[in-house]
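Visitor: Before anything else, here's the structure in question.
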Amino acid sequence: MSQTVMEAETEAIRKTTNPGNSQSNQKSSMSNSSSGMEAIKKEAVASSNLSVNVSKGFVSLTLIASILLAFAMGKTARFLLIVRPQRELGNLNSSIELPKETYLFKLPSPVMKDGKVPPQTEYTAKNFDTTRSASIQSRFIVTEEGKESDTPAASPSSEVDQQADEEIHEPKGQHLLVDIAKVDSIFLNSEELLTTAMLELVRKCGLTLLSYHCHGLEPIGVSCAGVLLESHVSFHTWPAEGVITLDLYTCGPGSLLPFVSITKNLFAVPSSVTNEEPEVIWSHKFRGFSENIANETAVRADFFRFPIGVMTDYKEQIVSAQTDFQQVDIYDVLRPHSQSIEAYKKSQEGDGSYESQYPEYFEPDRIVFLDGILQSRRSGDSAYHESLVHPGMFSHPNPKRVAIIGGGEGATLREVLKHKTVEKVVMIEIDKKMVDISREHLPFWSDCSSLIGSTENCFDDPRVDANYVDAFKWFIDRYSGEAARTENLFDVIIMDAL
165 MSQTVMEAET
175 EAIRKTTNPG
185 NSQSNQKSSM
195 SNSSSGMEAI
205 KKEAVASSNL
215 SVNVSKGFVS
225 LTLIASILLA
235 FAMGKTARFL
245 LIVRPQRELG
255 NLNSSIELPK
265 ETYLFKLPSP
275 VMKDGKVPPQ
285 TEYTAKNFDT
295 TRSASIQSRF
305 IVTEEGKESD
315 TPAASPSSEV
325 DQQADEEIHE
335 PKGQHLLVDI
345 AKVDSIFLNS
355 EELLTTAMLE
365 LVRKCGLTLL
375 SYHCHGLEPI
385 GVSCAGVLLE
395 SHVSFHTWPA
405 EGVITLDLYT
415 CGPGSLLPFV
425 SITKNLFAVP
435 SSVTNEEPEV
445 IWSHKFRGFS
455 ENIANETAVR
465 ADFFRFPIGV
475 MTDYKEQIVS
485 AQTDFQQVDI
495 YDVLRPHSQS
505 IEAYKKSQEG
515 DGSYESQYPE
525 YFEPDRIVFL
535 DGILQSRRSG
545 DSAYHESLVH
555 PGMFSHPNPK
565 RVAIIGGGEG
575 ATLREVLKHK
585 TVEKVVMIEI
595 DKKMVDISRE
605 HLPFWSDCSS
615 LIGSTENCFD
625 DPRVDANYVD
635 AFKWFIDRYS
645 GEAARTENLF
655 DVIIMDAL
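Under the working numbering, the sequence shown has 594 at position 430, and the numbering climbs by one with no breaks.
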């Protein structure tokens with residue numbers, strides 16, 4: 165056996181023969197352990213009584229230093245991640261030599277009317293660097309193409325201009341909103357074509373464009389805003405979807421309604437791919453704060469409430485005319501909640517569908533307004549005029565002579581001529597132009613082609629005697645005072661006038 169193994173055996177024998185020493189060693193070890201625990205407890209108690217005092221100045225300086233450090237880090241990060249890459253991109257773009265016509269658009273400049281000079285104007289602009297803009301263009305007003313104004317202020321060139329200059333500008337105006345779909349995508353992505361159309365619209369509206377600003381967007385699309393002397397004009401395009409929205413607001417007294425058709429002609433450019441007819445939705449509203457606004461809106465309340473003030477799916481002006489006595493407006497409109505543009509289109513297709521077999525059920529409603537007050541509509545023509553005429557006619561046992569006061573649309577005359585006993589109908593209508601408009605644009609109101617013995621148009625029936633004079637004067641001259649008659653009296657008199 166080795167020496168190590170022998171020493172281990174000797175030590176084991178020693179411990180076995182002397183157990184007292186082993187117990188003594190164990191007690192000594194436990195005593196030392198207990199003393200160590202007490203020392204640790206004393207140190208913990210002593211440390212819990214310690215405190216650190218920090219001055220307010222030290223806290224303030226630490227906070228300020230932290231803020232400055234964070235600001236410096238943010239500034240450095242912005243420069244490294246944003247500013248420097250933009251500068252490098254700009255330097256790269258400026259180093260590329262391109263033909264001038266490839267990056268400069270030949271946009272037209274706004275031009276003053278002949279004989280007028282631009283008003284004293286201060287121009288302020290700010291362009292923001294953005295990767296969403298493929299191009300940024302601005303144009304300012306000139307007196308002639310490419311020539312700044314260098315002439316003194318001139319007097320107005322016409323009496324109309326003088327009245328416009330002397331006009332009191334109140335906080336009110338007119339707002340025209342136009343949405344057009346199915347427009348040619350090339351037109352919608354061309355700043356030059358769009359701005360030319362905008363300038364032509366402004367010119368035909370008789371407005372003054374001081375300046376305009378356009379952004380060509382990435383990947384496609386154009387946004388333009390023009391500053392008018394009267395207010396503003398703007399538009400935005402979605403070439404991929406074939407959509408453009410326009411916004412025209414003016415503070416002038418002239419109505420914007422006549423220019424809806426001009427807007428359509430200029431901006432509703434059919435797609436060169438599909439050749440579909442563009443769809444136009446528009447509305448017109450009076451805006452602002454003025455005593456006259458309430459009066460203007462109230463006078464023509466029906467007209468501006470509907471259809472003019474509503475963005476309906478289909479709204480088409482048939483005629484707008486001022487006669488010697490009244491303003492006549494006739495519109496074709498699809499009635500909301502009861503008619504749809506889809507059904508109307510289907511009725512025009514001739515595909516054998518129910519809509520195409522009965523197109524009269526889906527055609528737009530034709531509405532007549534006189535001085536802005538609703539007078540008649542195709543959807544209510546029969547119900548209104550039948551109830552106006554027949555109760556009085558049936559209450560007479562043998563109506564032969566009938567007088568109609570008003571009735572320029574011809575529908576009241578149509579209902580009277582349905583009675584076979586009628587021998588003479590005297591119609592007294594003050595406005596002959598209203599009758600002419602009805603003949604042309606409301607032929608179904610005066611259609612007598614289905615009446616035996618009558619004519620195609622009720623106004624041409626030989627039993628009809630039309631007098632275009634004031635009805636009250638006509639009756640007074642014939643049936644009052646010394647001129648009072650006892651012969652040729654009327655069996656029935658129908659009032660069809662407001």
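Glycine included, each C-beta is placed from N, C-alpha and C at the ideal position. As the structure is a prediction and not an experimental result, all values here were calculated from the model.
Considering only residues of the same chain and omitting the five flanking positions on each side of P607, which have a CB-CB separation below 8 Å?
Guide: Within the same chain, P607 has close Cβ partners N621.
Visitor: Only counting runs of 4 or more residues, tell me where the alpha helix (DSSP H) segments fall wholly within the segment 592-639, in order along the chain.
Guide: Here the runs fully enclosed are 596-605.
Visitor: To which residues does DSSP link G570 through a beta bridge?
Guide: The partner list for G570 (beta bridge, DSSP) reads D660.
Visitor: Report the option in M557, N562, P561 whose CA atom is closest to the CA atom of I568.
Guide: Of the candidates M557, N562, P561, the one whose C-alpha sits nearest the C-alpha of I568 is M557.
Visitor: Along the chain, where does the beta strand (DSSP E) containing E673 start, and where does it finish?
Guide: The structure shown does not extend to residue 673, since the chain is modelled only from 165 to 662, so the question has no answer here.
Visitor: For A485, which residues does DSSP report across the bridge?
Guide: For A485, which the question treats as bridged, DSSP gives the partners V492.
Visitor: Can you tell me which of the three DSSP states G390 falls into?
Guide: Looking at G390 - three-state DSSP - the assignment turns out to be strand.
Visitor: Taking the C-alpha atoms as reference points, what is the distance between V483 and H379?
Guide: Their Cα atoms are separated by approximately 38 Å.
Visitor: Alpha carbon to alpha carbon, what distance is there between P272 and E309?
Guide: The predicted position of E309 is uncertain, since its pLDDT is 46 and thus under 50; no value can be drawn from it.
Visitor: For A635, which option in I594, G574, S354, E252 has the closest C-alpha, if you only look at C-alpha atoms?
Guide: Of the listed residues, the one whose Cα sits closest to A635 is I594.
Visitor: Please work out which residues of its chain come closer than 6 Å, Cβ to Cβ, to I657, disregarding the five sequence neighbours upstream and downstream, and give them in chain order.
Guide: The answer, listed in chain order, is A567.
Visitor: Evaluate A432 with the Cβ neighbour count: other Cβ atoms within 10 Å of its Cβ, from every protein chain shown; 16 or more gives buried, anything less gives exposed.
Guide: A432 is buried by the Cβ-count criterion.
Visitor: Can F423 and G536 be called in contact, C-beta distance under 8 Å?
Guide: Not a contact, by the Cβ cut-off of 8 Å.
Visitor: Classify Y643 as helix, strand or coil using the three-state DSSP reduction.
Guide: In the structure shown, Y643 sits in a helix (DSSP, three-state: H, G or I).
Visitor: Hey, T372 and M276 are a contact pair by Cβ (cut 8 Å); roughly how many whole angstroms apart?
Guide: That pair is a contact at about 7 Å.
Visitor: Quick one, are the C-beta atoms of L374 and L392 less than 8 Å apart?
Guide: The answer is yes: Cβ separation under 8 Å.
Visitor: Taking the continuous alpha helix (DSSP H) assigned at P367, which residues delimit it?
Guide: Position check: residue 367 holds Arg in this sequence, whereas Pro was assumed. Taken as a continuous stretch (DSSP letters only), the alpha helix (DSSP H) holding R367 covers 355-368.
Visitor: Kindly list the residues whose CB is nearer than 7 Å to the CB of S517, restricted to its own chain and excluding five residues on each side of it in sequence; keep chain order.
Guide: K510.
Visitor: Run through the segment 384-437 for me and flag every whole beta strand (DSSP E) of 3 or more residues, listed as ranges in chain order.
Guide: You should have 386-392, 395-402, 407-414.
Visitor: Report yes if the C-beta distance between A507 and E519 is below 8 Å; otherwise report no.
Guide: Yes; because the gap between Cβ atoms is below 8 Å, this pair is in contact.
Visitor: With DSSP run on the structure shown, which of helix, strand or coil describes S502?
Guide: Coil at S502, not helix or strand.
Visitor: Is there contact here, the segment 407-421 with the segment 337-348, by at least three beta-carbon pairs under 8 Å?
Guide: Yes, the segment 407-421 is in contact with the segment 337-348.
Visitor: What's the gap between the Cα of E312 and the Cα of G390?
Guide: Confidence in E312 is poor, its pLDDT being 49 and thus under 50, which makes the residue's placement too unreliable to answer from.
Visitor: Can you name the residues that DSSP bridges to S299?
Guide: G380.
Visitor: Comparing alpha-carbon positions, which option in I300, S610, G570 lies nearest C388?
Guide: For C388, the nearest C-alpha among the options comes from I300.
Visitor: With distance defined between alpha-carbon atoms, name the residue in K597, D624, Q491 nearest to S610.
Guide: With distances taken between Cα atoms, S610 lies closest to D624.
Visitor: If I'm right that K336 touches G452 with Cβ under 8 Å, what's the distance once you round it to whole angstroms?
Guide: Contact holds; Cβ gap of about 3 Å.
Visitor: Answer with buried or exposed for S540, where buried requires no fewer than 16 other C-beta atoms within 10 angstroms of its C-beta.
Guide: Classification of S540: buried, given that the 10 Å Cβ count is 16 or more.
Visitor: How would you write the range of the alpha helix (DSSP H) that L233 sits in, first residue to last?
Guide: Start and end: 220-242.
Visitor: Applying the criterion that 16 or more other CB atoms from any shown protein chain within 10 Å of the CB defines a buried residue, is M598 buried or exposed?
Guide: Buried, because 16 or more other Cβ atoms sit within 10 Å of the Cβ of M598.
Visitor: Just to confirm, are T576 and V553 a CB contact at a threshold of 8 Å?
Guide: Yes; because the gap between Cβ atoms is below 8 Å, this pair is in contact.
Visitor: By a C-beta neighbour count over all protein chains shown, 10 Å radius and 16 as the cutoff for buried, is L365 buried or exposed?
Guide: Per the 10 Å Cβ criterion, buried.
Visitor: By DSSP's criteria, L373 is part of a beta bridge. Which residues make up the other side?
Guide: The partner list for L373 (beta bridge, DSSP) reads L392.
Visitor: Starting from S540, trace the beta strand (DSSP E) both ways and give me its first and last residue.
Guide: Where S540 is concerned, the enclosing beta strand (DSSP E) stretches over 537-541.
Visitor: Find the nearest neighbour of L363 within the set G574, L430, K239, judged by alpha-carbon distance.
Guide: Considering only alpha carbons, the answer is L430.
Visitor: Below 6 Å CB to CB, which residues in the same chain sit around F304 once its five sequence neighbours on both sides are set aside?
Guide: So the list reads S375, once near-sequence residues are dropped.
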